[in-house]
Each structure stands twice: as C-alpha cells, then as structure tokens.
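Residue numbers for the sequence shown, in our numbering: 5 to 223. All C-beta atoms in this analysis are idealised placements derived from N, C-alpha and C, irrespective of residue type, glycine included. Inspection log for the structure reproduced underneath, given as structure tokens.
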Amino acid sequence: MKRSSLIYLGLSVIIGLMLIKPALAQQYRFNYSKLYTQMKNNLEEGHPDVKVAFFFQEHQSSTICRIDKAWMEKDKHYEALAIPPSQELIVPLDDNLRQVGPLVYVDAEQGKVCDFSMVVMTKAPLSKQVSYQQIEHLMPQMSKMLDDLGGMFSSWFSPKVIGLTLEFQDLEQGLLTTSKHQQIEIVAGKARVNLANLEPDELVYLPQPTFRVLPLLDK
Numbered sequence: 005m006k007r008s009s010l011i012y013l014g015l016s017v018i019i020g021l022m023l024i025k026p027a028l029a030q031q032y033r034f035n036y037s038k039l040y041t042q043m044k045n046n047l048e049e050g051h052p053d054v055k056v057a058f059f060f061q062e063h064q065s066s067t068i069c070r071i072d073k074a075w076m077e078k079d080k081h082y083e084a085l086a087i088p089p090s091q092e093l094i095v096p097l098d099d100n101l102r103q104v105g106p107l108v109y110v111d112a113e114q115g116k117v118c119d120f121s122m123v124v125m126t127k128a129p130l131s132k133q134v135s136y137q138q139i140e141h142l143m144p145q146m147s148k149m150l151d152d153l154g155g156m157f158s159s160w161f162s163p164k165v166i167g168l169t170l171e172f173q174d175l176e177q178g179l180l181t182t183s184k185h186q187q188i189e190i191v192a193g194k195a196r197v198n199l200a201n202l203e204p205d206e207l208v209y210l211p212q213p214t215f216r217v218l219p220l221l222d223k
C-alpha cells in the first residue's frame with residue numbers, strides 16, 4: 005500500500021470502513037471496530053509526536069467539511085461525540101467498545117460532497133518558527149506511522165518522507181520566509197517544506213500556527 009494513499013483523499017483502506025452508501029445526502033455510517041484498527045496505531049511506540057486522525061474533506065477543493073453531528077449507537081445505547089473546532093472526528097479508543105461493536109454515524113456539512121479522509125499528522129500545531137532539527141525529528145516518526153498503517157512490507161515500495169506539508173486556515177496564498185532568506189510558497193493553504201532544501205541551522209518562519217502538519221512525500 006502506497007503511503008500517499010494513506011494520506012490523501014480516496015483511500016481504499018478508508019473506503020472499506022464505510023458500511024453503506026449514505027442514506028441521506030451527507031450521512032455516513034462506520035463500524036467502530038474498523039476505525040479502532042486504525043486508531044490503535046496511536047498507541048504503538050516510535051511516533052510519540054504523531055497520530056492518525058480522521059476528517060471529512062470537500063471532494064473538489066479538499067477543504068475541511070464541517071461535521072454537524074456525530075454519534076455512536078448500539079441497540080438502545082446512544083453516545084454523542086464532541087466535535088472540536090478543527091472538525092476532526094474524534095472517536096474514543098476503547099477495547100471494550102471494539103468488542104461491543106457500535107456503529108458510528110456522522111452527519112457532514114450539507115451542500116458539499118465530502119470524502120472521509122485518514123491522515124498522519126502531528127499531535128500539536130507548529131507556531132512562530134520551525135527549525136531544521138524539528139523537521140528532522142518528525143520525519144522518521146511519520147515514516148514509522150505510515151509503515152505501521154501500511155503493513156509489514158509497505159516500506160519496500162512506499163514513497164519516502166522528505167519533509168513536512170504545513171497547512172494553514174484562512175491563508176490560501178502567500179510566502180514563508182526562512183532565516184537564510186529563502187521563500188517557500190503557500191498554495192491552496194499548503195506549504196511544502198523539503199528538508200533537503202534547508203541548511204542545518206535554518207529556521208522557517210510561520211505567519212500563524214499551523215492547522216495540520218502532514219508528511220511531505222517523495223513522488
């Protein structure tokens with residue numbers, strides 16, 4: 005399984021999580037145990053600053069869709085899921101729930117065609133400035149998480165993590181500057197920072213805290 009298919013929309017592994025086509029235009033239903041299989045990787049060693057996260061993204065633009073409501077059901081039991089401002093779908097990681105096997109329902113933003121997306125991202129945003137060493141520290145963690153998700157042989161044929169993709173909210177275009185007077189373009193809210201283009205003592209200055217920090221893959 006290619007690492008790129010684990011990060012961007014249309015992931016075959018994620019499509020497999022959906023039990024049925026939504027009965028309503030933007031209602032989705034998932035088996036908790038399938039989500040649990042992916043979430044449990046967050047407990048594995050080797051990537052303390054990186055996690056697997058779930059989002060819904062607009063099909064055409066890849067912008068994040070709003071989650072209007074999310075909940076779990078099993079027989080007569082019902083539990084609402086809190087949605088943070090980031091619109092990340094956060095489901096409790098609980099082995100007892102896995103054994104019970106509730107269904108997870110999500111009502112995504114009406115008026116948009118939204119895809120379910122699993123991403124590998126940092127647990128905390130980056131702000132103010134990012135050093136060469138910070139990027140260098142995060143890259144092997146992201147690589148390890150991608151390998152864990154992809155299975156035993158994924159590292160044999162998967163793209164290499166070569167840096168970070170910095171995503172910003174409400175900042176579609178612009179430039180990042182570095183302490184060595186380089187410029188890194190922000191396109192569609194994303195700045196792609198290749199570690200090979202930086203010097204070991206170089207800093208990348210950020211105009212605002214990141215929304216998400218994803219791997220940059222060598223394609």
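Sequence-distant residues of the same chain with beta carbon closer than 6 Å to leucine 202, five excluded per side: As a first step, residue 202 must be located in the sequence shown, where it is residue number 198. Excluding sequence neighbours, leucine 202 sits near Tyr136.
9 Å Cβ cutoff met for glutamate 77 and proline 96: For the purposes of this step, residue 77 is taken as residue 73 along the sequence shown, with counting starting at 1. For the purposes of this step, residue 96 is taken as residue 92 along the sequence shown, with counting starting at 1. The beta carbons of glutamate 77 and proline 96 sit no closer together than 9 Å.
Complete runs of the alpha helix (DSSP H) confined to the segment 61 to 137 [at least 4 residues]: 99 to 104
Check whether phenylalanine 34 and valine 124 have beta carbons under 9 Å apart: As a working mapping, residue 34 is identified with position 30 in the sequence shown. As a working mapping, residue 124 is identified with position 120 in the sequence shown. No, the Cβ-Cβ distance between phenylalanine 34 and valine 124 is not below 9 Å.
Residue of Asp72, Ser162, Leu101 minimising C-alpha distance to isoleucine 87: The residue labelled residue 87 in the question sits at position 83 within the sequence shown. It is Asp72 whose Cα lies nearest to the Cα of isoleucine 87.
CA nearest to the CA of isoleucine 220, picked from Gln212, Leu179, Met146, Leu153: As a working mapping, residue 220 is identified with position 216 in the sequence shown. Before going on, a small fix: residue 220 reads as leucine here, not isoleucine. Of the candidates Gln212, Leu179, Met146, Leu153, the one whose C-alpha sits nearest the C-alpha of leucine 220 is Met146.
Sheet register partners of tyrosine 32 (DSSP bridge): Walking along the sequence shown from the start, residue 32 turns up at place 28. DSSP output for tyrosine 32 lists Val110 as bridge partner(s).
Glycine 50, DSSP secondary structure in three states: For the purposes of this step, residue 50 is identified with residue 46 of the sequence shown, where counting begins at 1. Three-state DSSP puts glycine 50 in coil, outside helix and strand.
Whole-number beta carbon distance between lysine 194 and threonine 169, since they are thought to touch under 8 Å: Counting from one through the sequence shown, the residue named residue 169 turns up at place 165. Counting from one through the sequence shown, the residue named residue 194 turns up at place 190. About 6 Å separates the two Cβ atoms, so the contact holds.
Extent of the continuous beta strand (DSSP E) to which asparagine 198 belongs: Locating residue 198 in the sequence shown gives position 194, where the first residue counts as 1. Unbroken beta strand (DSSP E) run through asparagine 198: 194 to 198.
Buried/exposed call for glutamate 171, threshold 16 Cβ in 10 Å: One-based indexing of the sequence shown puts residue 171 at position 167. Answer is buried; the Cβ neighbour count reaches 16.
Which residues DSSP lists as bridging asparagine 212, in chain order: For this step, residue 212 is matched to residue 208 along the sequence shown. In the sequence on display, residue 212 carries glutamine and not asparagine. Beta-bridge pairing links glutamine 212 to no other residue.
Closest residue to histidine 51 among Asp151, Phe58, Ile166 (Cα-Cα distance): Here the question's residue 51 lines up with position 47 in the sequence shown. The shortest C-alpha separation from histidine 51 is found at Asp151.
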